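Asks: Quick one: the structure is below, and I'll ask about it shortly.
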Amino acid sequence: MKTVTNKRGLFLTLEGAEGVGKSTNIAFITQYLEQRGIEYVLTREPGGTQLAERIRDLLLAVHEESMSGLTELLLVFAARAQHLDKVIEPALGAGKWVVCDRFTDATFAYQGAGRGLSVETIGQLQSLVQGELRPDLTLILDLDPEIGLERASNRGQLDRFEREQQSFFRHVRQGYLDIAQAEPKRCKVIDASKGLEEVKLDLLAALELGLSRIT
Ligand code: Z5A
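As structure tokens, this is what we get:
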């Protein structure tokens, strides 16, 4: 087993479009870290703090008034600023690893590729809110949106995003694949259409490979 010498913790993110199985699979990542005695904080976006979770509620709820794309984008980054300040930065600074269910790649995929907002604008907000901070390793679960939406629809009431058309989720999926292609060192794509046990093994292999390159 490799000894981790980084003083600052590592920042791992899990991404993917609707119903790909992030919540299910994130447990495999944390089990992996526990087995290696690595201290970590598990968190999610949008959310992760009391205030940021309130912004999440606003983002996911179905409102009578439609939400503009820019409002959505600014709310996502407002939640992120709070999350970074209260949870992510303090944990990384204390040498803990952070495992985050979605981060800014979701903004490029959903608000950028999905809603069609400018990548430059998102990049500017990313710099403003995060400075130089980027995830060290990102695992992207990839799945045909038709299957993902079917899996998600079995969970009950659909939130504001889940009510989007399939074409929206096709753009989101492509957005993620484009990010992975542009940043192959940081991003590993995992085929989430396989059975859960196979996805787990692929995820852990991608995690080990990714970590071997950065630790
Ligand atoms: N959002 C955004 O727009 N911009 C941003 O910057 C950020 C987020 C950060 C909330 O995120 C929304 O915020 C999200 C994008 C937006 N909206 N959408 N859509 P979220 O992560 O909380 O929402 P979510 O995508 O709906 O995630 P989820 O609820 O955690 O679902 P999931 O993790 O993808 O799936 P799951 O609950 O683990 O699995 C779904 C079902 O499939 C479940 O019954 C599993 O048992 C089953 N499953 C899982 N894996 C398998 C396999 N391999 N085979 C068969 N069945 C499986």
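One point on numbering: in my numbering, the residue at position 16 of the sequence shown is 1, and numbering is uninterrupted.
Backbone N, C-alpha and C fix where the C-beta goes; we use that ideal spot for every residue, glycine too.
Bear in mind that the values here come from a model prediction, so they are computed numbers and not experimental data.
Answer yes if the region 67 to 82 comes into contact with the region 47 to 59, meaning at least three C-beta pairs across the two stretches below 8 Å, and no otherwise.
Replies: Short answer: they don't touch.
Asks: The beta strand (DSSP E) that contains R155, what's its start and end?
Replies: Here residue 155 corresponds to residue number 170 of the sequence shown, with the count starting at 1. First-last for R155: Q151 to A167, but that is the alpha helix (DSSP H), not the beta strand (DSSP E).
Asks: By Cβ distance, which residues of its chain are closer than 7 Å to A37, with the 5 residues on each side in sequence left out?
Replies: The residue given as residue 37 occupies position 52 in the sequence shown. Hits under 7 Å: P31, A64, Q67 and H68.
Asks: What do you reckon, is the C-beta of G6 under 7 Å from a heavy atom of the ligand Z5A?
Replies: Taking the first residue of the sequence shown as 1, we reach residue 6 at position 21. The answer is yes for G6.
Asks: Considering Cα atoms alone, identify which of L(-5), G6, T(-2) and L(-3) is closest to S178.
Replies: Counting from 1 along the sequence shown, the entry for residue 178 is found at position 193. Checking every option, the nearest Cα to that of S178 belongs to G6.
Asks: Which of the three DSSP states is assigned to G1 in this structure?
Replies: Position 16 of the sequence shown holds residue 1. Per DSSP, reduced to three states, the secondary structure at G1 is strand.
Asks: What's the C-alpha gap between D129 and L110?
Replies: For the purposes of this step, residue 129 is taken as the residue at position 144 of the sequence shown. For the purposes of this step, residue 110 is taken as the residue at position 125 of the sequence shown. Their Cα atoms are separated by approximately 29 Å.
Asks: According to DSSP, is I23 helix, strand or coil?
Replies: Counting from 1 along the sequence shown, the entry for residue 23 is found at position 38. I23 falls in the coil class under three-state DSSP.
Asks: Identify whether L122 lies in helix, strand or coil by the three-state DSSP scheme.
Replies: Position 137 of the sequence shown, counted from the start, is the residue given in the question as residue 122. Of the three classes helix, strand and coil, the one that applies to L122 here is strand, per DSSP.
Asks: Closer than 7 Å to a non-hydrogen atom of the ligand Z5A - does that hold for the CB of R140?
Replies: By one-based count along the sequence shown, residue 140 stands at place 155. Flag set: Cβ of R140 near the ligand Z5A.
Asks: Residues bridged to D127 by DSSP?
Replies: For the purposes of this step, residue 127 is identified with residue 142 of the sequence shown, where counting begins at 1. According to DSSP, D127 bridges with D176.
Asks: Go through its chain and collect everything with a Cβ distance to G160's Cβ below 7 Å, but skip five positions before and after it.
Replies: For the purposes of this step, residue 160 is taken as the residue at position 175 of the sequence shown. Cβ neighbours of G160 beyond the five flanking positions: F93, A94, G97, A98 and G99.
Asks: Which residues in the same chain have their Cβ closer than 8 Å to the Cβ of D144, if we skip the five residues on either side of it in sequence?
Replies: Translated into positions along the sequence shown, residue 144 becomes position 159. Non-local beta-carbon contacts of D144 in its own chain, meaning distances under 8 Å to residues more than five positions away in sequence, involve L45, A46 and V47 in chain order.
Asks: Applying the criterion that 16 or more other CB atoms from any shown protein chain within 10 Å of the CB defines a buried residue, is G101 buried or exposed?
Replies: By one-based count along the sequence shown, residue 101 stands at place 116. Classification of G101: exposed, given that the 10 Å Cβ count is below 16.
Asks: At a cut-off of 7 Å, would you count G1 as near the ligand Z5A, judging by its Cβ distance to the nearest heavy atom?
Replies: Locating residue 1 in the sequence shown gives position 16, where the first residue counts as 1. Yes, since a heavy atom of the ligand Z5A falls inside the 7 Å radius drawn around the Cβ of G1.
Asks: Where does F62 sit, in a helix, a strand or coil, going by DSSP?
Replies: Position 77 of the sequence shown, counting from 1, holds the residue named residue 62. Helix at F62.
Asks: Let me know if T106 comes out buried or exposed under the rule of 16 or more other beta-carbons within 10 Å of its beta-carbon.
Replies: Indexing the sequence shown from 1 puts residue 106 at position 121. Flag for T106 reads exposed.
Asks: Candidates G180, T15, L43 and Q151: which alpha carbon is nearest E135's?
Replies: As a working note, residue 135 is residue 150 in the sequence shown. Ranking the options by Cα distance to E135, first place goes to Q151.
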